[in-house]
Amino acid sequence: MNDRMDRRWKRFLGVPRSALGSLVILFIALAAVFLLSFLLSKTPARTLRYFFIGPLQNTYYLGNMLNTSIPLIFGALGVSLAMRAGSFNLGGEGQLYGGAFIATVSAVAMAGWGIAGVICAIVLGAVTGGVMAAFSGYLRMKWQTNELITTFLLSNAVSLVVGYLIAGPFMDPTTNLIATRKIPESFRFSRILEPSNLSSALVMALVMTVVVHLYLYRTKSGYELRMYGLNPRFARYGGINSGSYLVLPMFLSGALYGLGGAMAIFGTYYACMKDFSVGMGWNALAVALIARFRPVAIIPAALFFAYIESGARNAMLHSDVTFEIASIVQSVVFFLVTSSVLQRIGTKRGRG
Amino acid sequence: MNALLHSAVAIMTPLLLAAMGGLFTELSGMLNIALEGLMLMGAFSSIVFTYLSGSMIWGVLLGIVATMLLATLLAVVTLNLKSNVFITGLATNLLASGLTIVLSFRLFGNKGVVVFDRIGSLPRWDIPLVSDIPVLGAMISGHSPFVYLSWVLLALSSWVLYKTPFGLRLRAAGLHEKTLVSLGLSPSAYRFIAFLVSAFACAIAGAVLTLNLGAFVPNITSGKGWIALVVIFLGQKKPLGLLGASLVFGFADAFSNYAQGAWNVPADFILAIPYLFTLLAMVIVSIHADWKERIKR
Amino acid sequence: MSDTAVTMHDIVKTYRETGRCANDHVDLTVGRGEILCLTGENGAGKTTLMKVLYGMEKPESGTIAVMGKRVKIDSPLDANRLGIGMVHQHFMLVDEYTVAQNVILGREPMHNRFTIDADAAKRLVDEVIHAHGFSIDPSARVGSLTVGQKQQVEIVKMLYRDVDILILDEPTAVLTEQETASLFETLRTLRDTGKSLILITHKLHEIKAISDRVAIMRQGRMVGQFETASVDERELAGLMMGKSFSPAIEKTPYGRKQETVLRFAQVSVVRRNQGRPMLKDVSFVARTGEILGFAGVGGNGLGELESVLAGTLPISGGTITHRGKDISKSDAHRLRECGLAYVPSDRLKVGSALEASVSENLIIAARKRFSRHGMMRGKHIMQHARTLIDTYSVQGTADMPIGTLSGGNIQKVILAREIAQYRDYIVFSEPTWGLDIASSKFVHTQMIALRDAGASVLLLSSNLDEILSLSDRVLIFSRGSIVAELEGERLHTVTKEEMGAYMLGMHVREAAHE
Numbered sequence: 001m002n003d004r005m006d007r008r009w010k011r012f013l014g015v016p017r018s019a020l021g022s023l024v025i026l027f028i029a030l031a032a033v034f035l036l037s038f039l040l041s042k043t044p045a046r047t048l049r050y051f052f053i054g055p056l057q058n059t060y061y062l063g064n065m066l067n068t069s070i071p072l073i074f075g076a077l078g079v080s081l082a083m084r085a086g087s088f089n090l091g092g093e094g095q096l097y098g099g100a101f102i103a104t105v106s107a108v109a110m111a112g113w114g115i116a117g118v119i120c121a122i123v124l125g126a127v128t129g130g131v132m133a134a135f136s137g138y139l140r141m142k143w144q145t146n147e148l149i150t151t152f153l154l155s156n157a158v159s160l161v162v163g164y165l166i167a168g169p170f171m172d173p174t175t176n177l178i179a180t181r182k183i184p185e186s187f188r189f190s191r192i193l194e195p196s197n198l199s200s201a202l203v204m205a206l207v208m209t210v211v212v213h214l215y216l217y218r219t220k221s222g223y224e225l226r227m228y229g230l231n232p233r234f235a236r237y238g239g240i241n242s243g244s245y246l247v248l249p250m251f252l253s254g255a256l257y258g259l260g261g262a263m264a265i266f267g268t269y270y271a272c273m274k275d276f277s278v279g280m281g282w283n284a285l286a287v288a289l290i291a292r293f294r295p296v297a298i299i300p301a302a303l304f305f306a307y308i309e310s311g312a313r314n315a316m317l318h319s320d321v322t323f324e325i326a327s328i329v330q331s332v333v334f335f336l337v338t339s340s341v342l343q344r345i346g347t348k349r350g351r352g
Numbered sequence: 001m002n003a004l005l006h007s008a009v010a011i012m013t014p015l016l017l018a019a020m021g022g023l024f025t026e027l028s029g030m031l032n033i034a035l036e037g038l039m040l041m042g043a044f045s046s047i048v049f050t051y052l053s054g055s056m057i058w059g060v061l062l063g064i065v066a067t068m069l070l071a072t073l074l075a076v077v078t079l080n081l082k083s084n085v086f087i088t089g090l091a092t093n094l095l096a097s098g099l100t101i102v103l104s105f106r107l108f109g110n111k112g113v114v115v116f117d118r119i120g121s122l123p124r125w126d127i128p129l130v131s132d133i134p135v136l137g138a139m140i141s142g143h144s145p146f147v148y149l150s151w152v153l154l155a156l157s158s159w160v161l162y163k164t165p166f167g168l169r170l171r172a173a174g175l176h177e178k179t180l181v182s183l184g185l186s187p188s189a190y191r192f193i194a195f196l197v198s199a200f201a202c203a204i205a206g207a208v209l210t211l212n213l214g215a216f217v218p219n220i221t222s223g224k225g226w227i228a229l230v231v232i233f234l235g236q237k238k239p240l241g242l243l244g245a246s247l248v249f250g251f252a253d254a255f256s257n258y259a260q261g262a263w264n265v266p267a268d269f270i271l272a273i274p275y276l277f278t279l280l281a282m283v284i285v286s287i288h289a290d291w292k293e294r295i296k297r
Numbered sequence: 001m002s003d004t005a006v007t008m009h010d011i012v013k014t015y016r017e018t019g020r021c022a023n024d025h026v027d028l029t030v031g032r033g034e035i036l037c038l039t040g041e042n043g044a045g046k047t048t049l050m051k052v053l054y055g056m057e058k059p060e061s062g063t064i065a066v067m068g069k070r071v072k073i074d075s076p077l078d079a080n081r082l083g084i085g086m087v088h089q090h091f092m093l094v095d096e097y098t099v100a101q102n103v104i105l106g107r108e109p110m111h112n113r114f115t116i117d118a119d120a121a122k123r124l125v126d127e128v129i130h131a132h133g134f135s136i137d138p139s140a141r142v143g144s145l146t147v148g149q150k151q152q153v154e155i156v157k158m159l160y161r162d163v164d165i166l167i168l169d170e171p172t173a174v175l176t177e178q179e180t181a182s183l184f185e186t187l188r189t190l191r192d193t194g195k196s197l198i199l200i201t202h203k204l205h206e207i208k209a210i211s212d213r214v215a216i217m218r219q220g221r222m223v224g225q226f227e228t229a230s231v232d233e234r235e236l237a238g239l240m241m242g243k244s245f246s247p248a249i250e251k252t253p254y255g256r257k258q259e260t261v262l263r264f265a266q267v268s269v270v271r272r273n274q275g276r277p278m279l280k281d282v283s284f285v286a287r288t289g290e291i292l293g294f295a296g297v298g299g300n301g302l303g304e305l306e307s308v309l310a311g312t313l314p315i316s317g318g319t320i321t322h323r324g325k326d327i328s329k330s331d332a333h334r335l336r337e338c339g340l341a342y343v344p345s346d347r348l349k350v351g352s353a354l355e356a357s358v359s360e361n362l363i364i365a366a367r368k369r370f371s372r373h374g375m376m377r378g379k380h381i382m383q384h385a386r387t388l389i390d391t392y393s394v395q396g397t398a399d400m401p402i403g404t405l406s407g408g409n410i411q412k413v414i415l416a417r418e419i420a421q422y423r424d425y426i427v428f429s430e431p432t433w434g435l436d437i438a439s440s441k442f443v444h445t446q447m448i449a450l451r452d453a454g455a456s457v458l459l460l461s462s463n464l465d466e467i468l469s470l471s472d473r474v475l476i477f478s479r480g481s482i483v484a485e486l487e488g489e490r491l492h493t494v495t496k497e498e499m500g501a502y503m504l505g506m507h508v509r510e511a512a513h514e
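Chains as they are written, first to last, in my numbering: chain L, 1 to 352; chain V, 1 to 297; chain R, 1 to 514.
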């Protein structure tokens, strides 16, 4: 099964994407928004206005939209790192949630440590996600266990256990929310676009994008990782130690998800609420796919996704549709984004 | 104990049905992760159509049609537009989850649990003679018609896969695609039909969930489609294997429900068990396969 | 009814991907009840022509007539209906199915409207098997059969479809000599029952042995069609290769003192569940300043030798030393550190990462040299790439994905990479397979230059002309062992027929050297 998939992925990575093909997909996605508005809303014009203009109309909405994109950027960077090495990390949901939880409880525990506490808590969150993903990488290295399924299963199990821990032993008794205690105020990231939720974590996301880009394209390890991902036999032929590239990229991938979770806590939520991150892992995967696993392209792709979500949220608040139309539009993008037929639109007919 | 076995069989039924559908796509050479979404679509549409038509039979039939429409979209995009089957599968899941909620909001003004009290409950069939056998009787008698339907369908799919030209060619598409091409047959055509078959089975699997409950709960399938996929692997891609593997899952689930009540174990913990159990099973299967591979060398 | 079974006229087929014209206005006729050998070098367009006839490739223009009637063949189903069958070089069989299931696939005998009649299937297949004197069990699983038996299944599959015209694509490439002999026996029987057979092959002695007529292709064109009896092997070889190929390559004797670089002592590779060892007691030394040729028919150990040299196949016995250092247990990673330079036979799957750029492909084994403190030195890499691209006149740029280059240029990149980083020995496996004559010549010149510069060159090739014209010493493999070693005067006088005899294991090792 893995072989079959690897081939398809490689084709997906290798074919240069035509701008026209992307425009066609974008157009179809927008057409879906129109269609849904006319079908589902009694006031389609109002719905459309809030959907498209809403997220941009003032700093509050704009900031929230940018804020939505932060965990997506971290997660998508994680997916891309694993994918570049030829592994698939499907456990983003759990890695993000688990990372956020560990970062929160350690921040609460290390309240008196000052800046060292912030760093320790974030690192612990990242390591949590990393270890979860690396475990699947290890299983694949050792016994060729399909990492696609093991990451998913482990992530689901961990999500449920974390849910139990939040609702049980770690619940904050002083509030009515099902959530942990809040992290100390001094640990929280500053807001950079009041009154919105946007925090300085955005800067971290941008920095991390550059770091991942440099790692992949400028370091020896990144080069080896990419060559292993493109053709494991070629990598082995060239003397690249292959086993480590099944585990290391998975660790880094999970760590980025965990980091994304920690960032969401330190920048936005301050406490780990039960199921606060549902959907973030999947959306990050979609973002990575649209960006075709290229770090630099992840930023616009994440913004696009955040825009659709914010648009749907706005339309829900001010009109008569429900938020879930966002997932319908996102699914349209998902359906089309890997089509090799659409990708060839406008390109010279050539090898595929 | 008897109650436990009885509920194990009840719980395994949607898993068995979805896995059976997934078996067709899997054997045709497509990793179909859309089982989850197809099941969800079936769950929603069959209870809504039952509610609208007033008949469970019509409800389920129309639910199957709706689910097959979704599968057609999946198949066209995957096979004709040549998209990655994994991503289109995810898209199907995302679409089903969004669409069911959007429609439920539009139709019933409610995004949460929608209770349909008008539709009544599923009949329970007691099987004469069998119900008198100790243990076994309690286990297999007194279920809803869906449970027995799933067994009939299992036998039917086994026959289709192993006794008919369609089955022989479908499996060849998955085992060695080029063989079919060299004989002038189209693997895509068989895969297309496999997607439709999996939609058919998943629709019934979904119907079992909602009609049993008499209500639609958002994302009611809660990972059952994924577990069905694992059932296929654990069942060694054989119909009888599916029966065994889904029974094991049904039992594990039934046991954890029981444990929850009896020992006051937290619900989330219990819900995690099937996933961990599946993970363990996957690892064991792959160690075994790896070991066999080594022996060969 | 006419005497010709098939007439192909003016067939043109260009591959869109590469723009290469595989069939350039080709004509071919096949008589009824005759065996025709279709021959030519790799890439001459033989297989393409047959795929056109079998409906697997669509030609741009040209006509086909079967049994005198103009026909249109759009799919293998059409071909089967017209009585044309094809046995592919790579078997089109489902290993998990039984012989009978494989044979009936797509034309199943029915019990009723829905169910396959499994008994009838077995009976019908058994009838075909017996009618033609095959020795396979219809209920055996294909995966458990030998290569020769699998080929029989392929033939039975076509006979079950009542074909009168049977195409076989390089049927002997993977067969042992006994299997080949019995295949030829079968083919003659089939001919005598009136069937027409087309064999794709480039083995000269086979053409002489089996065919009534021979058709020769070169670079997409039909060179000519002859009665086999009217041409001898030398003429055939000349027609296949064309005039421009000169087997004699100028070589000067190596002046300096030769040192031993690589030593194999009693190296064996055994795989469980396989009676015969894949390599058995292989011993040789490779020295500086010589090209050591390894010759052998496919399946006789050269492939395994390549994997052993590359460090991807662990040996079960014996020792390998490199300048006195034991490297028997070294994997690819360690061998690269010892200075392995290696041009693999599978350039696309092993030798390159098609989606990566030319410059990235050029540094795979030398990546340490192009990085400092873990960072890649982009400028150095680009400079290195540009220099090599110029030196080897590669048609392409440093940042193009290597997969967009032509086959010959990909091979040049691989060659450039390995030559640039070789230290004392370099392995070439099938270095000119599928290359045109100009590219082949380029590769050969490079090898001679390496040898003259004092490299120890190991050349593994199934192309006898290449082996004979380049090597200073030749080791011949048969059934996993070295059966002969030729050098000096003996190497100049040996004929291809004698080489063939060695390779088929008809002589034992005579000149033990060392």
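Ideal placement from N, C-alpha and C gives every residue a C-beta, glycine not left out.
- Look at the segment 225-247 of chain L: the residues with a C-beta under 8 Å from a C-beta of chain R are ARG226, MET227, LEU230, ASN231, ARG233, PHE234, ALA235, ARG236, TYR237, GLY238, GLY239, ILE240 and ASN241.
- Chain order gives the chain L residues near R/PRO344 as TYR237, where near means a beta carbon separation below 7 Å.
- Shown here is that no member of the segment 88-117 of chain R has a Cβ falling below 8 Å from a Cβ of chain L.
- Distance from the Cα of R/THR432 is smallest, within the candidate group R/PHE442, R/ASP424 and R/ARG423, for R/PHE442.
- In chain order, TYR54, MET56, PRO76, MET86, HIS88 and MET92 make up the part of chain R whose C-beta sits under 9 Å from the C-beta of V/SER182.
- When only Cα atoms are considered, R/LYS280 and R/ASP424 end up about 26 Å apart.
- With a cutoff of 8 Å on beta-carbon distance, R/LEU388 and R/GLY396 are scored as not near each other.
- Contact annotation: the segment 219-233 of chain V does not touch the segment 116-134 of chain V, with fewer than three C-beta pairs closer than 8 Å.
- Under the DSSP assignment, R/VAL103 falls in the alpha helix (DSSP H) whose first and last residues are 99-104.
- Contact between the segment 4-18 of chain V and the segment 105-119 of chain V is absent: fewer than 3 CB-CB pairs across the two stretches fall below 8 Å.
- Between V/SER188 and V/GLY22, the C-beta gap is not smaller than 8 Å, which leaves the two residues out of contact.
- Going by DSSP, L/LYS220 is part of the alpha helix (DSSP H) stretching over 220-230.
- Leaving aside the five residues that flank R/LEU460 on each side, the residues in its chain whose CB is nearer than 6 Å to its CB run, in chain order, PHE294, LEU302, GLU306 and SER429.
- Per DSSP, R/ARG263 lies in no alpha helix (DSSP H); the unbroken beta strand (DSSP E) holding it starts and ends at 260-269.
- Contact annotation for L/THR219 against chain V: no contact, minimum CB-CB distance about 29 Å [criterion: below 7 Å].
- For L/PHE152, the nearest CB of chain V lies under 8 Å from its own CB, placing it at the interface with that chain.
- Just measuring C-alpha positions, the residue of L/PRO71, L/ALA111 and L/ALA107 sitting nearest L/GLY92 is L/PRO71.
- Going by C-alpha positions, R/VAL474 is about 17 Å away from R/LEU309.
- Using beta-carbon distances, V/ILE287 counts as an interface residue toward chain L, with a partner under 8 Å.
- Excluding sequence positions up to five before and after R/GLY339, its CB lies within less than 8 Å of the CB of HIS322, TYR422, ARG423, ASP424 and TYR425, all in the same chain and listed in chain order.
- R/VAL174 is not a Cβ neighbour of R/ILE291, given a cutoff of 8 Å.
- Remark: C-beta atoms of R/LEU190 and R/LEU38 do not approach each other more closely than 8 Å.
- Any Cβ of chain R closer than 8 Å to the Cβ of L/TYR223 would place that residue at the interface, and such an atom is present.
- Here the alpha carbon of R/PRO138 sits roughly 6 Å from the alpha carbon of R/LYS122.
- Taking a C-beta cut-off of 7 Å against chain R, the contacting residues of the segment 167-193 of chain V are LEU168, ARG169, ALA172, LEU175, HIS176, LYS178, THR179, SER182, LEU183, GLY184 and LEU185, listed in chain order.
- For R/TYR425, the enclosing beta strand (DSSP E) starts and ends at 425-429.
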